[in-house]
Structure formats: C-alpha cells, structure tokens
Amino acid sequence: MSKEPSRVTVQPIRLFGDPVLRTPADPVVDFDAELRRLVADLTDTMREQNGAGLAAPQLGVSLRVFTFDVDDVLGHLINPVLEFPDEEEQDGPEGCLSIPGLYFDTKRRQNVIAKGFSSFGDPMQIVGTGLMARCVQHETDHLDGVLFLDRLDPQGRKEAMKAIRQAEWYDEAAPPTVKLSPHISDPFGLGR
Numbered sequence: 703m704s705k706e707p708s709r710v711t712v713q714p715i716r717l718f719g720d721p722v723l724r725t726p727a728d729p730v731v732d733f734d735a736e737l738r739r740l741v742a743d744l745t746d747t748m749r750e751q752n753g754a755g756l757a758a759p760q761l762g763v764s765l766r767v768f769t770f771d772v773d774d775v776l777g778h779l780i781n782p783v784l785e786f787p788d789e790e791e792q793d794g795p796e797g798c799l800s801i802p803g804l805y806f807d808t809k810r811r812q813n814v815i816a817k818g819f820s821s822f823g824d825p826m827q828i829v830g831t832g833l834m835a836r837c838v839q840h841e842t843d844h845l846d847g848v849l850f851l852d853r854l855d856p857q858g859r860k861e862a863m864k865a866i867r868q869a870e871w872y873d874e875a876a877p878p879t880v881k882l883s884p885h886i887s888d889p890f891g892l893g894r
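FYI, the numbering for the sequence shown is 703 to 894, going by the numbering used here.
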C-alpha cells in the first residue's frame with residue numbers, strides 16, 4: 703500500500719501593487735473543507751516566511767480570513783470584527799510579507815478585541831495587546847484592502863514609497879494607491 707505524499711501548501715505571496723491587496727475581501731459564508739485548506743495554506747505559507755500573520759488576499763483569495771503566529775500562539779480568525787476597549791496606543795516598527803524586507807514605525811491601538819469564527823464556524827474571540835493587537839489590526843486591514851503604509855503620516859508614507867521603489871522586488875507597472883480603513887472613523891485608527 704503506497705502512502706500519498708503530503709500536500710505542500712506553501713503558496714506565493716502577492717506583492718505590493720497587486721490589485722487584490724487593495725480590494726475589500728468577501729465575507730466567508732461556507733465553512734467547509736475548502737476553507738480549512740485555505741487556513742492550512744495560509745498557516746504553512748506564513749510559517750515558511752517567518753511571518754506574524756497572513757491574510758487570504760495576500761495569497762490572491764478575496765475572503766475575510768487571516769492566520770497569526772504571535773508569542774507562540776498559532777491560530778486563525780474568519781470574518782473578524784474589531785473592538786477597541788480603550789484609547790491606548792502603540793507606535794513601533796511594522797512590516798508586511800507583501801512589502802518584504804521593509805519596516806516603518808506605525809501607530810496602532812495597544813489593545814483589541816477581535817470577534818469572528820473558526821474554520822468550522824464556531825464563534826471565537828481574540829483579546830490582544832501589544833504585538834498580538836498590532837497583528838490583528840494589520841491583518842484585518844488587509845481584509846479591507848488597506849495596507850499598513852496607509853496608516854503612516856504623509857512624510858512617513860513618502861519615505862516608505864521611496865524605499866519601496868528602490869526594492870528589487872518592486873514592479874513599476876503596478877501603480878501604488880493609498881486607501882483608508884473603513885472600519886475606523888479616523889484614518890490612522892487613533893481614536894482622536
């Protein structure tokens with residue numbers, strides 16, 4: 703009896719300039735085996751790239767799903783909705799697997815409560831602070847077609863775009879755009 707080879711689920715990551723990264727993702731409605739395969743692909747790809755998180759649009763799949771691996775906590779969340787229990791902020795370096803090798807100081811909320819579902823459709827909640835809060839906000843932004851660069855102040859964005867244009871992976875044929883997060887009323891999510 704021959705054993706089937708295990709499925710390699712590491713997928714190519716879409717890079718800055720790919721239109722899928724700027725398109726709001728669709729809510730998940732089918733919690734089926736295909737969705738669980740997507741979660742496995744996201745997890746394997748994220749871990750292969752040593753990422754803290756990865757959203758489905760980064761693999762070219764326009765669904766509201768992301769995985770995370772922060773402080774030895776590995777998981778996923780589907781159809782996330784964020785709540786902020788306070789006004790506390792953090793400011794520090796942030797990067798993205800779709801903008802490889804570049805990090806820029808980015809303001810985020812210090813604490814977050816993310817509600818959503820497991821890949822089986824069970825309700826879930828993540829209460830995050832610090833790096834986990836940053837990751838959850840970053841990945842949820844991806845699901846809204848927002849990149850962390852959009853959260854930079856104008857000077858920071860200008861410096862980031864200069865660095866991106868100098869990166870060897872940058873594609874001049876894919877014009878950059880700036881978008882603001884629709885799930886927070888102020889553009890930087892600072893609650894001011």
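We treat Cβ as the ideally placed atom computed from N, Cα and C, and that holds for glycine.
Between the beta-carbon of G777 and the beta-carbon of F786, is there less than 9 Å? no
Who are the Cβ neighbours of G904 in its own chain at under 6 Å, not counting the five residues just before and after it? Residue 904 lies beyond the range of the chain shown here (703 to 894); nothing can be said about it.
From what residue to what residue does the beta strand (DSSP E) around L779 run? 775-785
Fully enclosed by the region 789-856, which alpha helix (DSSP H) runs are 4 residues long or longer? 833-845
Going by beta-carbon coordinates alone, are H844 and A754 separated by less than 9 Å? no
Expressed to the nearest angstrom, what Euclidean distance is found between the alpha-carbon atoms of G823 and L761? 22 Å
Near T725, which residues of its chain fall below 8 Å by C-beta distance, leaving aside the five closest residues on each side in sequence? P759, S764, G847
Per DSSP, T769 forms a beta bridge with which residues? L756, H778
How is D728 classed by DSSP in three states: helix, strand or coil? strand
Among Q839, S820, M748, which has the Cα closest to the Cα of D734? S820
Figure out for me which residue from E736, V814, K809 has the closest Cα to the Cα of R853. K809
Quick check: what's the CA-CA separation for K860 versus R766? 29 Å
Under the three-state DSSP convention, the category I715 falls into: coil
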